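Peer 1: Once you've had a glance at the structure underneath, I'll fire off some questions.
Number of protein chains: 2
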Amino acid sequence: MSEKEFLKNYNIHDFDVPLCTVDMAILSLIEGELNVLLVHRDEHPSRGKWALPGGFIDLKKDKSTEAAAHRKLKEKTGLSSGYLEQVETIGSPKRDPRGWSLTVLYYALVDITRVKVADVGNQSEWWPLSKIEKQKLAFDHNVLIDIAIDRLRAKATYTALPIELMPKEFTLTELQKVFEMILGRTLQAKAFRNRVLTAGMVEETGNSKIAGKRPAKLFRSTKADRDTYFSRPLQE
Amino acid sequence: MSEKEFLKNYNIHDFDVPLCTVDMAILSLIEGELNVLLVHRDEHPSRGKWALPGGFIDLKKDKSTEAAAHRKLKEKTGLSSGYLEQVETIGSPKRDPRGWSLTVLYYALVDITRVKVADVGNQSEWWPLSKIEKQKLAFDHNVLIDIAIDRLRAKATYTALPIELMPKEFTLTELQKVFEMILGRTLQAKAFRNRVLTAGMVEETGNSKIAGKRPAKLFRSTKADRDTYFSRPLQE
DNA sequence: ACATTAATGGTCATAGAGACAATAATTAAT
DNA sequence: ATTAATTATTGTCTCTATGACCATTAATGT
């Protein structure tokens, strides 16, 4: 039999296949806390619960797994660019009542000031992490969020990735606070500033921000931060 | 409609779903070179080509994606333990002629002396990386191997992971050669030895190996290596 | 014995991190 | 205007792991 004939007779529906989805943890910074965008499920299964945005890969629309993730991000936030990273693929027979299911987990970091409220819509809400901890989400989405946060936390020790969460202009102290929140500990201002500045990941805008006391210089991302790895991780 | 009724009526075959597989790059060290285990495909598609071991998730047997990978590893090498790590999930409509397909890529590091020849079987062969480069493998498996090797290479700069490739006893010079091969550059013996020794990732066995000149002390892995990250990566 | 060679150790310079003190630029109060 | 309080920013020191390079050690072969 030729490959052509083989393919003609091949029907995926002759086999037991897993459910296959893409889920996204879209993270942003709201009032000094990490927030995750959740959508309210109107349909079974897990009807009435909150869930990560995501769903089945659209075989017509999506040219790749990552493209599916980008589509979800765009649908939910209106953002067509932004940091997006695949975290892990989790599959088991238990995680969805419909049967063996597998999800490719991504996370995205967005600057909340660039997300239009209208984009989010009434089915979606930003949830601070602290609130999510007390809430049973749909499927295994509590676990998925933990996995994504763990990845972000790991990356914050050896990259400047959290810059992706910041607005266009920010002070270094503000940036340090974000790192501290993600890492769950305080950092030495001097060491932190040296790292970020000598790596050339931010540059001064020339403006400054007066928040009561000595004004702080404002910086912007140089967009070099995504691939740049520090030669040493932040120590314990 | 209750969730029970919903699930009763749910049929995955009503939807277009991607093909979903797990593929494994099983890496070993043979005569000083990295080898990958390939299987010869007797069936369409890609009949006659060599491919990574892998295939569809068995919804009956596999309790998780990782369990599927462990099953493949066991089938091909007889090893039920060993280092196994998920690398990335790659999906697109192009990579398999049967349609939109997605594969969860894993890699495993095995000590070749613990793999029985009989286990490998006549359908499987160890291929050195250099030989694979000149060979068009099935599907996008050349790319998958590149991705797995890139991951191993990255990890070799900040973990002692390549120890997993070594036999029970080995000299530090032998270990250094393995790192050098993976990284594609030479390392300073002193710096390398300090790293590995002070991190407590290997311990002396008390034996030594006489290979012509001054005998070298033999070491074994302390099995602390999987999770141990060096506080600094090897420099460029 | 001596040259040879691989294994191993000694010493120093360096970069980047932590610790902590010092200085600078504001506002608020006197 | 002066001073206190507060936050931003910098100076300087120590520490550690690495790279570089050289010395020493323990075998082999002639």
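For the protein sequence lines, the chains are Z and D, in the order given.
For what it's worth, our numbering labels the leading residue of the first sequence as 1, then goes sequentially.
For what it's worth, our numbering labels the leading residue of the second sequence as 1001, then goes sequentially.
We put the beta carbon where it would ideally sit given N, CA and C, even for glycine.
In this text the structure is predicted, and so the values were computed from the model without any measurement.
For D:Ala1069, count neighbouring Cβ atoms within 10 angstroms of its own Cβ and tell me buried if that reaches 16, exposed if not.
Peer 2: buried
Peer 1: If I'm right that Z:Ala199 touches Z:Ala160 with Cβ under 8 Å, what's the distance once you round it to whole angstroms?
Peer 2: Between the beta-carbon of Z:Ala199 and that of Z:Ala160 there is about 7 Å, and that keeps the pair under the 8 Å contact cut.
Peer 1: Pair every Cβ in the stretch 39-53 of chain Z with every Cβ in the stretch 133-153 of chain Z, then say whether three or more of these pairs are closer than 8 Å.
Peer 2: They touch, by the three-pair rule.
Peer 1: At 3 residues or longer, and completely inside the stretch 13-60 of chain Z: list those beta strand (DSSP E) runs for me, N to C.
Peer 2: 19-30, 33-40 and 54-56
Peer 1: Using C-beta distances below 8 Å, list every residue in its chain close to D:Leu1019, excluding the 5 sequence neighbours before and after it, in chain order.
Peer 2: Phe1056, Asp1096, Arg1098, Gly1099, Trp1100, Ser1101 and Leu1102
Peer 1: Please look up how many angstroms separate the CB atoms of D:Ser1028 and D:Leu1165, rounded, as I've assumed it's under 8 Å.
Peer 2: 6 Å
Peer 1: Give the straight-line distance between the Cα atoms of Z:Val115 and Z:Glu33, rounded to the nearest whole angstrom.
Peer 2: 16 Å
Peer 1: Can you give me the Cβ contacts of D:Val1196 inside the same chain, cut-off strictly under 8 Å, excluding the 5 residues immediately before and after it?
Peer 2: Ala1160, Leu1172, Leu1175 and Val1202
Peer 1: In the DSSP assignment, what residue or residues form a beta bridge with D:Pro1128?
Peer 2: D:Asn1035
Peer 1: My parser needs the beta strand (DSSP E) runs of 3 or more residues fully inside the stretch 170-226 of chain Z; what are they?
Peer 2: Those beta strand (DSSP E) runs which fall completely within the stretch 170-226 of chain Z and span 3+ residues are 202-209 and 216-221.
Peer 1: Using a C-beta to C-beta distance shorter than 9 Å, which residues of chain D count as neighbours of Z:Val17?
Peer 2: Ile1012, His1013, Val1017, Pro1018, Leu1019, Cys1020, Phe1056, Ile1057 and Leu1059
Peer 1: By DSSP, does D:Glu1075 sit in helix, in strand, or in coil?
Peer 2: helix
Peer 1: Find the residues of chain Z that neighbour D:Val1104, judging by a C-beta separation of less than 9 Å, and give them in chain order.
Peer 2: Thr89, Gly91, Leu102 and Val104
Peer 1: Please classify D:Glu1236: does DSSP put it in a helix, a strand, or coil?
Peer 2: coil
Peer 1: What span of residues does the beta strand (DSSP E) with D:Tyr1083 cover, start to end?
Peer 2: Tyr1083 to Ser1092
Peer 1: Return no unless some Cβ of chain D is closer than 8 Å to the Cβ of Z:Tyr72.
Peer 2: Before going on, a small fix: residue 72 of chain Z reads as Lys here, not Tyr. Chain D contact via Cβ: absent.
Peer 1: Which two residues bound the contiguous alpha helix (DSSP H) that contains D:Thr1103?
Peer 2: First-last for D:Thr1103: Ser1101 to Leu1109, but that is the beta strand (DSSP E), not the alpha helix (DSSP H).
Peer 1: Using only the alpha-carbon positions, how far apart do D:Pro1093 and D:Leu1234 sit?
Peer 2: 39 Å
Peer 1: Drop a sphere of 10 angstroms on the beta-carbon of Z:Phe179, count the other beta-carbons inside from all chains shown, and report buried for 16 or more, exposed for fewer.
Peer 2: buried
Peer 1: Give every residue of the same chain whose Cβ lies closer than 8 Å to the Cβ of Z:Ile30, excluding the five residues on either side of it in the sequence, and list them in chain order.
Peer 2: Ile112, Trp126 and Pro128
Peer 1: Using beta carbons (cut-off 8 Å, strictly below), is D:Glu1125 in contact with chain Z?
Peer 2: no
Peer 1: Following the continuous alpha helix (DSSP H) through D:Asn1142, name the residue where it begins and the one where it ends.
Peer 2: Unbroken alpha helix (DSSP H) run through D:Asn1142: His1141 to Tyr1158.
Peer 1: When the Cα of D:Glu1005 is compared with those of Z:Phe15, Z:Pro45, Z:Asn35 and Z:Leu73, which residue comes out closest?
Peer 2: Z:Pro45
Peer 1: For Z:Val143, is the classification buried or exposed, using 16 other Cβ atoms within 10 angstroms of its Cβ as the cut-off for buried?
Peer 2: exposed
Peer 1: For Z:Phe219 and Z:Ala189, what's the separation of their Cα atoms in angstroms?
Peer 2: 16 Å
Peer 1: What number of angstroms, rounded off, separates the C-alpha of D:Phe1015 from the C-alpha of Z:Phe15?
Peer 2: 13 Å
Peer 1: Tell me which same chain residues have a C-beta within less than 7 Å of the C-beta of Z:Ala148, skipping the five on either side of it?
Peer 2: The answer, listed in chain order, is Ala25, Val87, Leu105 and Tyr107.
Peer 1: For Z:Phe230, which option in Z:Arg193, Z:Gly212 and Z:Thr205 has the closest C-alpha, if you only look at C-alpha atoms?
Peer 2: Z:Arg193
Peer 1: Less than 8 Å between the CB atoms is what I'm expecting for D:Thr1205 and D:Glu1169, so what's the real figure, rounded?
Peer 2: 5 Å
Peer 1: According to the Cβ coordinates, are D:Gly1091 and Z:Thr21 closer than 8 Å?
Peer 2: no
Peer 1: Give every residue of the same chain whose Cβ lies closer than 8 Å to the Cβ of D:Ile1132, excluding the five residues on either side of it in the sequence, and list them in chain order.
Peer 2: Val1036, Leu1038, Asn1142 and Ile1145
Peer 1: Under a Cβ-count criterion, where at least 16 other Cβ atoms within 10 Å of its own Cβ denotes burial, should Z:Thr186 be classed as buried or exposed?
Peer 2: exposed
Peer 1: Grab me the residues of D:Asn1207's own chain with a C-beta within less than 7 Å of its C-beta, minus the 5 sequence neighbours each way, in chain order.
Peer 2: Glu1169 and Leu1218
Peer 1: Step through the CB atoms of chain Z and report whether any lies within less than 8 Å of the CB of D:Lys1063.
Peer 2: Interface annotation, D:Lys1063: in contact with chain Z, CB-CB separation under 8 Å.
Peer 1: Could you tell me which chain D residues have their CB closer than 9 Å to the CB of Z:Asp141, listed as they occur along the chain?
Peer 2: The sequence given here has His at residue 141 of chain Z, not Asp. Here the premise fails: no neighbours, minimum Cβ distance about 17 Å.
Peer 1: Can you tell which of Z:Ile163, Z:His40 and Z:Thr228 has the C-alpha that lies nearest to the C-alpha of Z:Leu109?
Peer 2: Z:Ile163
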